[in-house]
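Enquirer: Note that the sequence shown ends on residue 250 in the working numbering; no numbers are left out.
My questions all concern the structure below.
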Amino acid sequence: MKNLFIALSILLFIAPKLYAGNGSFLILKSTHFYSNPKKSGQRILTRKRTAYEVISINSPKSKSLMFNILVPVKNNMVNGSGYIVETDAELQNLGVGWVKVYQELPNKKRDLTHFQLVPSNQLSFTGQKKTSPDFANLTWRAVNFKTNVPKKYWVSDWAGIYRPDKDAKWLGETYKAVLSKKLSGDLMTKILMGLVEPGFTKDQVRLALGSPLQEELIENNTKTEWIYNSLKVIFDNNLVLRVL
């Protein structure tokens, strides 16, 4: 069990594509940002309807989930150094994204949630490399940085919509698109949540799920099938016939 916990910790806290994996949260109601998931300590009121990257999710002893989000803050300049685990190839695939910089070399005894999020293009490499006895398969690279970074806050699930499969940029742009089309509140919510039902148009499916990975003609070329990672959508002309 202990080894399983360690493996999960590595996957959750140091995976290069963490932020895409954790999705995004769209604020739709006036709410507070909290400094911790227990809603104690500092809190900030926000009425801004916008999407934020999700770092992690916490389920405290209450009725609602709490999402740890990245909130851009002006003049939050940080000058520091630390260690990252990403390779050059992984950083290239990430593009301009957030990277976790650990002030101290991680090991089993340290809390792996203590890190600084830094844009990948703001890192400078010292050339120094280290290994940790507890994570022998990983090589840690020393970096320096000076950058304006976001702050981490917690927000309740009832304040908006969570999309585990999309980043904040995608969710924010989709929200603007559905607003411009003046869709009903129920339909807009389903699209933002990524739900697709019979009767949806192709445009509405594209808004909800993005472009399909593949498009095919099926059933003697009388139906169209859109293929996504986790489902298939069958159209009869321009309307969804069924979702598989």
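Where is the CB? At the ideal position from N, CA and C, for every residue including glycine.
This structure is a prediction, so every number in the text was calculated from the model and none was measured.
(1) What separation, rounded to the nearest whole angstrom, lies between the Cα atoms of residue 3 and residue 241?
(2) Buried or exposed, going by whether 16 or more other CB atoms sit within 10 Å of the CB of residue 72?
(3) Can you give me the C-alpha to C-alpha distance between residue 246 and residue 197, rounded to a whole angstrom?
(4) Does residue 69 come out as helix, strand or coil in the three-state DSSP assignment?
(5) Check residue 181 in the structure and name its three-state DSSP category.
(6) With a 10 Å radius around its C-beta and 16 neighbouring C-beta atoms as the bar for buried, classify residue 74 as buried or exposed.
(7) Taking its Cβ as the centre, do 16 or more other Cβ atoms sit within 10 Å of residue 131, making it buried, or is it exposed?
(8) Between 174, 187, 137 and 140, which lies nearest to residue 31 when the distance is taken from Cα to Cα?
(9) Could you compute how far the alpha carbon of residue 120 sits from the alpha carbon of residue 142?
(10) Which of helix, strand or coil does DSSP assign to residue 87?
(11) Once DSSP output is grouped into helix, strand and coil, what is the label at residue 28?
Expert: Put simply:
(1) With the chain running from 7 to 250 in the structure shown, residue 3 is simply not present.
(2) Looking up residue 72 in the sequence shown gives position 66. Looking at its Cβ environment, which holds 16 or more other Cβ atoms inside 10 Å, residue 72 is buried.
(3) Residue 246 sits at position 240 when you count from the first residue of the sequence shown. Residue 197 sits at position 191 when you count from the first residue of the sequence shown. Taking the straight line from one Cα to the other gives about 14 Å.
(4) By 1-based counting over the sequence shown, the position of residue 69 is 63. Residue 69 falls in the coil class under three-state DSSP.
(5) Taking the first residue of the sequence shown as 1, we reach residue 181 at position 175. In this structure, residue 181 counts as helix in the three-state DSSP scheme.
(6) As a first step, residue 74 must be located in the sequence shown, where it is residue number 68. Classification of residue 74: buried, given that the 10 Å Cβ count is 16 or more.
(7) Here residue 131 is taken as the residue at index 125 of the sequence shown, counted from 1. The residue in question, residue 131, is exposed, as its Cβ has fewer than 16 Cβ neighbours within 10 Å.
(8) The sequence position of residue 31 within the sequence shown is 25, counting from 1. The option with the nearest alpha carbon to residue 31 is 174.
(9) In the sequence shown, the residue the question calls residue 120 occupies position 114. In the sequence shown, the residue the question calls residue 142 occupies position 136. Residue 120 and residue 142: Cα-Cα distance of roughly 20 Å.
(10) Counting from one through the sequence shown, the residue named residue 87 turns up at place 81. Note: residue 87 maps to strand in three-state DSSP.
(11) By one-based count along the sequence shown, residue 28 stands at place 22. Reduced to three states, the DSSP call for residue 28 is helix.
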